[in-house]
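Read top to bottom, the protein sequences are chains U and X. Numbering follows my numbering, in which position 371 of the first sequence is assigned residue number 371; successive positions increment by one, without gaps. Convert by adding 1000 to the 1-based position in the second sequence; the result is the number in my numbering. Using N, Cα and C, we set each Cβ at its ideal position, and we do this for glycine too. Here's the structure, in structure tokens; my notes come after.
Number of protein chains: 2
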Amino acid sequence: MNAEIIAIGSELLTPYFQDTNSLFLTEKLNHLGVTVDFKTVVGDNREHLTAAARVAVGRASIIIFMGGLGPTEDDLTRECVAAALDREIHRDPTLVTELYKRFAALRRRMPENNERQAEVIDGAVVLPNSRGSAPGQWLEIEHDGAPRMVMLLPGPPHEIKPMFEEQCMPLLRERVPRQCIATRVLKVAMMGESACDERIAPIYQRYADVQTTILAGAGDIQLRLTARADTQEAAQERVDELAGALEDALDDAVYSTAGESLEQIVGYYLQMRGATIAVAESCTGGLLGQRLSSISGSSRYFLGGAIVYSDEMKTLFANVPPMLISQHGAVSREVAAALAEGIREECRATIGVGITGIAGPSGGTDQKPVGLVYHAVADGKRTNVVERHYMGDRDRIRRWATQQALDMVRRAMM
Amino acid sequence: MNAEIIAIGSELLTPYFQDTNSLFLTEKLNHLGVTVDFKTVVGDNREHLTAAARVAVGRASIIIFMGGLGPTEDDLTRECVAAALDREIHRDPTLVTELYKRFAALRRRMPENNERQAEVIDGAVVLPNSRGSAPGQWLEIEHDGAPRMVMLLPGPPHEIKPMFEEQCMPLLRERVPRQCIATRVLKVAMMGESACDERIAPIYQRYADVQTTILAGAGDIQLRLTARADTQEAAQERVDELAGALEDALDDAVYSTAGESLEQIVGYYLQMRGATIAVAESCTGGLLGQRLSSISGSSRYFLGGAIVYSDEMKTLFANVPPMLISQHGAVSREVAAALAEGIREECRATIGVGITGIAGPSGGTDQKPVGLVYHAVADGKRTNVVERHYMGDRDRIRRWATQQALDMVRRAMM
């Protein structure tokens, strides 16, 4: 079965806003075995919206309209969908009463315009909205002899998500032919996308029945595997088999097999070992600390550390000898190591991390170009330093650098 | 004139990828006075793509296809657009030669399949691709007596952007009736969206000819003003007039009138005053440092600071007396002030900033709920502390907190 998702709102046709609900809906639909074949964005325009609705009914079995259900003259979804389906619209007296009650409870007078929100397409089932005033609608129709499921849902993410999950999914589950789908996600640190693909393509190409999607970020790759089969067990077996083969091929570059982020995995390891961590960041300026502390409960293992942007701070907070800096330069293997060792001792942490580099776009030289970063991890017994040359802009270089540092901590704890 | 943008690629119909090129194209088209009326996403499917192209030709004057120009069997844009326009396709011998030359230069054998990239729709102008192997195409046709401009462009952002800007924009400028458009952006810190709108709606509603768009982030609001008129001067006058009226109404909540970020503005002020800054962050864990250091050249005023996630770190790096913490709690007005004053003295900075709070989701109590944050700015003469209660998840609370701290620094330097 296939679906079309139609996002309605003139703001979605400006350079500033983007529909993101469709990603959520697509994931839910895919889990039922429904593929999304079309996505359309259309403005608050009667003619355009009616035309888009007519096109959709002609090409998809499941059609989801999002937005345009508010009380203003601009909210046209109800009437345009009705027109496209050649149906009448009526004002539902129960809904009208509920709207007035809602306003009365807030001790506000309801503008008469608001009654528009009680308009229902003939034959539609009303979907109550627990988070807002615009109810949704569910319709089943026939078009040229083929069945169609049509949904009108509100636009705000916190309204559409519970409505779709709690009310539409059960209806869809009863009507969409049952399919068995299994998924797995592997996450890989610090490999280039093409290097990763080169290593794994010969493997996943042997699994024609498993869909493999590669998503690449800065030093972070997600491999998403999806299989369909007649039984849940058969589907699960196929993704598990491929996941196992990919894990073997990628070895310890795989850091997660259950969807966790790298900072989460590092947190698990640290807690498991009863260890603590402290950081001294130069070019990343706080990004590593921010990532470590983005995990709720990270205070159990993340002590804190220092942002040592200037040379004086490197000495003040991480006891890096000024001589070492003048001798090797602030961006050097030696200073990275001294930062990791110094911050570890200062904070009495199990693990100390140091990062120093040139994030650009200015500040690079021939010997020390933009993108050069040294990362160090010290555990009291040994200090591991890695030199890397990153490509890309300031933001991307800083993301790669923190990813490398987190990956080194992970490997040190393995 | 109106446009439709069609993004092609099955990956854009998964939960993982989203077309972002259309935002860039929309901005460029808007500058010519062209509105985007429809956006469509369609997969690598012959029937679907041809149908989508037919629909687009029926409803838009400018039609931009993105993606599906590669050499594989999945790349169907050329043939499907040709089919929808009832045109033939031919292999361009010059392009074929260029493709072979390209491969020869890389000392690689060209797969024969690759010749597909030299296929050109009859009547199309070839748009050379300086960043990749797939050339674009530009076509002018008539549909039911109305003129249509049709573009086939590559999908990767670093290929489509220069091609559109350098080759399509000049062609469009010659053909789209000239309009005069002026824009202004005002940025506002630490106001709620509805509070801001309440204050300014009576003003911008008087300027029916200026389009006002409000974009709200965590403690950050952008007001985008656009006016069209017969002359550039007239358009500019209208946006400038409204911008002036909005600035008067919002007073010093407006931090930028030329598009700068808050961290950039804070950087300008600090440099202008020859001042330096150091931070001591508890609940934001490095995010404030990360934002300050995200600006290239920030090392001129940002010294660094400390991530004082544990109580011991607050004492170690910012000299907060342990007694003060045990007496008032780590999340308190007193500790925030001590952090700002302590880090300022330790780092010998002009300005010291302290943040302490409860980012959640765990760790809240009745007296100190999740979302409670204290922000302090010390300049040696006085220390200003602000208490705030934020709503939302961990990430959002931390963004609001850093925004508040940056805004306090801005106001201290004004």
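- Between the C-alpha atoms of Thr50 (chain U) and Leu152 (chain U), what's the straight-line distance to the nearest angstrom? Their Cα atoms are separated by approximately 13 angstroms.
Q: Below 8 angstroms between beta carbons is the criterion; list the residues of the segment 1035-1048 of chain X that meet it against any residue of chain U, in chain order.
A: Those residues of the segment 1035-1048 of chain X that come within reach of chain U (Cβ to Cβ, closer than 8 angstroms) are Thr1035, Val1036, Asp1037, Phe1038, Lys1039, Thr1040, Val1041, Val1042, Gly1043, Asn1045 and His1048.
The segment 353-366 of chain U / the segment 387-402 of chain U touching (three or more Cβ pairs under 8 angstroms): Between the segment 353-366 of chain U and the segment 387-402 of chain U there are three or more inter-stretch CB-CB distances shorter than 8 angstroms, so the stretches are counted as touching.
Next on the checklist: If you reduce the DSSP assignment to three classes, tell me which class Gly354 (chain U) lands in.
Outcome noted: The DSSP-derived three-state label of Gly354 (chain U) is strand.
Measuring CA to CA, which of U:Val239, U:Asp75, U:Tyr255 and U:His328 is closest to Cys180 (chain U)? Cα-wise, what sits closest to Cys180 (chain U) is U:Val239.
If you follow the beta strand (DSSP E) that Asp37 (chain U) is part of, which residue opens it and which one closes it?
-> From DSSP, the beta strand (DSSP E) with Asp37 (chain U) extends over Thr35 to Val42.
Where Gly342 (chain U) and Phe1317 (chain X) are concerned, what is the direct C-alpha to C-alpha distance, given to the nearest angstrom? The straight-line gap separating the alpha-carbon atoms of Gly342 (chain U) and Phe1317 (chain X) is approximately 13 angstroms.
From which residue to which residue does the alpha helix (DSSP H) around Asn113 (chain U) run?
Neither: Asn113 (chain U) is in no alpha helix (DSSP H) and is coded neither H nor E.
* Contacting positions in the segment 296-316 of chain U - beta carbon closer than 8 angstroms to chain X -> Per Cβ criterion, the list reads Ser296, Gly297, Ser298, Ser299, Phe302, Leu303, Gly304, Gly305, Ala306, Ile307, Val308, Tyr309, Ser310, Glu312, Met313 and Leu316.
Leu95 (chain U), enclosing beta strand (DSSP E) - first and last residue | If you look at Leu95 (chain U), you'll find it isn't in any beta strand (DSSP E); it sits in the alpha helix (DSSP H) that goes Pro93 to Ala105.
If the cut is a Cβ gap below 7 angstroms, which residues of chain U does Asn1030 (chain X) touch? The contacting residues are Pro15.
| request: Note down, in chain order, every chain X residue with its Cβ under 8 angstroms from the Cβ of Thr26 (chain U). | output: Those are Leu1013, Thr1014 and Pro1015, listed as they occur along chain X.
Check your understanding: Span of the beta strand (DSSP E) holding Leu1066 (chain X)?
Key -> Before going further, note that residue 1066 (chain X) is Met rather than Leu in the sequence given. Where Met1066 (chain X) is concerned, the enclosing beta strand (DSSP E) stretches over Ile1062 to Met1066.
Under 7 angstroms Cβ-Cβ, which residues of chain X neighbour Ala293 (chain U)?
Going by the sequence as given, residue 293 (chain U) is Ser instead of Ala. Below the 7 angstroms Cβ cutoff, chain X contributes Gly1285, Gly1286 and Tyr1309 as neighbours of Ser293 (chain U), in chain order.
**Prompt:** Which ranges does the alpha helix (DSSP H) cover as unbroken runs of at least 4 residues, wholly within the segment 276-329 of chain U, from first to last along the chain?
**Reply:** DSSP assignment within the segment 276-329 of chain U yields the following whole alpha helix (DSSP H) runs of 4 residues or more, N-terminal first: 287-293, 311-318 and 322-328.
Work out the CA separation of Pro15 (chain U) and Phe1024 (chain X) for me, nearest whole Å. Near 7 angstroms, if we compare the C-alpha coordinates of Pro15 (chain U) and Phe1024 (chain X).
Residue range of the unbroken beta strand (DSSP E) whose run includes Tyr255 (chain U): Its beta strand (DSSP E) spans residues Val254 to Ser256.
*Indicate whether at least one CB of chain X lies closer than 8 angstroms to the CB of Ala258 (chain U).*
Not an interface residue.
> Can you tell which of U:Gly352, U:Ile200, U:Met414 and U:Leu127 has the C-alpha that lies nearest to the C-alpha of His375 (chain U)?
Replying inline: In this structure, U:Gly352 is the residue among U:Gly352, U:Ile200, U:Met414 and U:Leu127 with its C-alpha nearest to the C-alpha of His375 (chain U).
Original post:
Which residue from X:Phe1302, X:Asp1075 and X:Pro1369 puts its Cα closest to that of Pro991 (chain X)?
Top reply: Lying outside 1001 to 1414, the shown extent of chain X, residue 991 (chain X) is not represented and no answer is given.
Exercise. Can you name the residues of chain X whose CB is closer than 7 angstroms to the CB of Gly289 (chain U)?
Worked result: Those within 7 angstroms of Gly289 (chain U) in chain X are Gly1285, Gly1286 and Ile1307.
query: How would you list, in chain order, the residues of chain X whose beta-carbon sits under 8 angstroms from the beta-carbon of Ser362 (chain U)?
result: Under a criterion of Cβ atoms nearer than 8 angstroms, the residues of chain X adjacent to Ser362 (chain U) are, in order, Ser1296 and Gly1297.
Within chain U, the residues that Arg1148 (chain X) reaches when beta carbons sit closer than 9 angstroms | The premise fails here: Arg1148 (chain X) is roughly 17 angstroms from chain U at the closest Cβ pair, so nothing lies under 9 angstroms.
| field | Best match in U:Thr94, U:Pro93, U:Leu95 and U:Arg78 for proximity to Arg87 (chain U) [C-alpha to C-alpha] | value | Minimum Cα distance to Arg87 (chain U) is reached at U:Arg78.
- Task: Return helix, strand or coil for Pro1162 (chain X), following the three-state DSSP convention.
- Result: Helix at Pro1162 (chain X).
**Report entry** Pairwise C-alpha distance: Leu13 (chain U) and Thr1020 (chain X)
**Finding:** Answer to the nearest angstrom: the Cα atoms are 12 angstroms apart.
### Message
When you compare the CB positions of Thr40 (chain U) and Glu98 (chain U), do they come within less than 8 angstroms of one another, or not?
### Response
Judged by their CB atoms, Thr40 (chain U) and Glu98 (chain U) are not nearer to each other than the 8 angstroms cut-off.
*Helix, strand or coil for Lys187 (chain U) per DSSP?*
In this structure, Lys187 (chain U) counts as strand in the three-state DSSP scheme.
- Item | Nonlocal neighbours in the same chain, by C-beta distance under 6 angstroms from Leu215 (chain U), ignoring five residues either side | These residues qualify, in order along the chain: Gln222.
*Could you please give the first and the last residue of the uninterrupted alpha helix (DSSP H) stretch that includes Thr26 (chain U)?*
Boundaries of the alpha helix (DSSP H) around Thr26 (chain U): Asn21 to His31.
### Task
At 8 angstroms on the CB atoms, spell out the chain X contacts of Cys196 (chain U), in chain order.
Correct list: empty, because the minimum Cβ distance to chain X is about 16 angstroms.
Taking the Cβ atom as the reference point for each residue, do Tyr1269 (chain X) and Met1413 (chain X) lie within a distance shorter than 8 angstroms?
-> Their beta carbons are under 8 angstroms apart, which means Tyr1269 (chain X) touches Met1413 (chain X) by this criterion.
| Cβ of Arg46 (chain U) within 8 angstroms of Cβ of Cys80 (chain U)? | Judged by beta-carbon spacing, Cys80 (chain U) lies within the 8 angstroms limit of Arg46 (chain U), meaning their Cβ atoms are closer than that value.
Practice item. For chain U, find out if any of its Cβ atoms is closer than 8 angstroms to the Cβ of Thr1383 (chain X); answer yes or no. Key: Not closer than 8 angstroms to any Cβ of chain U, the Cβ of Thr1383 (chain X) fails to qualify, so no.
### Message
Does chain U have any CB closer than 8 angstroms to the CB of Val1055 (chain X)?
### Response
Closer than 8 angstroms: yes.
Of all the residues that make up the segment 1231-1249 of chain X, which are near chain U by a beta-carbon distance shorter than 9 angstroms?
If the cut-off is 9 angstroms between Cβ atoms, the segment 1231-1249 of chain X has nothing near chain U.
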